[in-house]
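Chemist: Following numbering that gives the first Met the number 0, the numbering of the sequence shown begins with 0 at its first residue and continues without gaps.
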Amino acid sequence: MPFDKLYVMIKCTVCDGTKFHSGSGHHNPYNIFEWKECPYCSPDGEYLIEAHANSIAEYFRQLSDSKRKELINKLLAIADQE
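Next up, the structure:
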């Protein structure tokens, strides 16, 4: 089943992608000087958000003409298959 929305991985805004999270008392209760990893992001320091249509349009606008045409042709080929 295809997704009806586009999602992107972005750098965690809580730990800045470092996986080190020292806020909110998120520490090891047996060693108060040892902080646990950030509970909000993946092991890569990223998390998933929904891409807004304006963000997608801006991404396409910043592509070179050749890359944009290549992506559009791929999308049209997929649409023709359905």
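Even for Gly, the Cβ is constructed at its ideal location relative to N, Cα and C. The model shown is predicted, which means the values in this text are computed figures rather than measured ones.
Would you tell me roughly how many angstroms separate the C-alpha atoms of A52 and K73, rounded to the nearest one?
Modeler: For A52 and K73, the distance between alpha carbons rounds to 19 Å.
Chemist: Kindly indicate which residue of I9, A50, N30, K66 has the alpha-carbon position closest to the one of S41.
Modeler: The candidate whose alpha carbon is nearest that of S41 is I9.
Chemist: How many angstroms separate the CA atom of E81 from the CA atom of E49?
Modeler: The straight-line gap from Cα to Cα measures roughly 24 Å.
Chemist: Considering L74, what are the terminal residues of the alpha helix (DSSP H) in which it resides?
Modeler: Per DSSP, L74 belongs to the alpha helix (DSSP H) from 64-80.
Chemist: Answer with buried or exposed for G44, where buried requires no fewer than 16 other C-beta atoms within 10 angstroms of its C-beta.
Modeler: So G44 ends up on the buried side.
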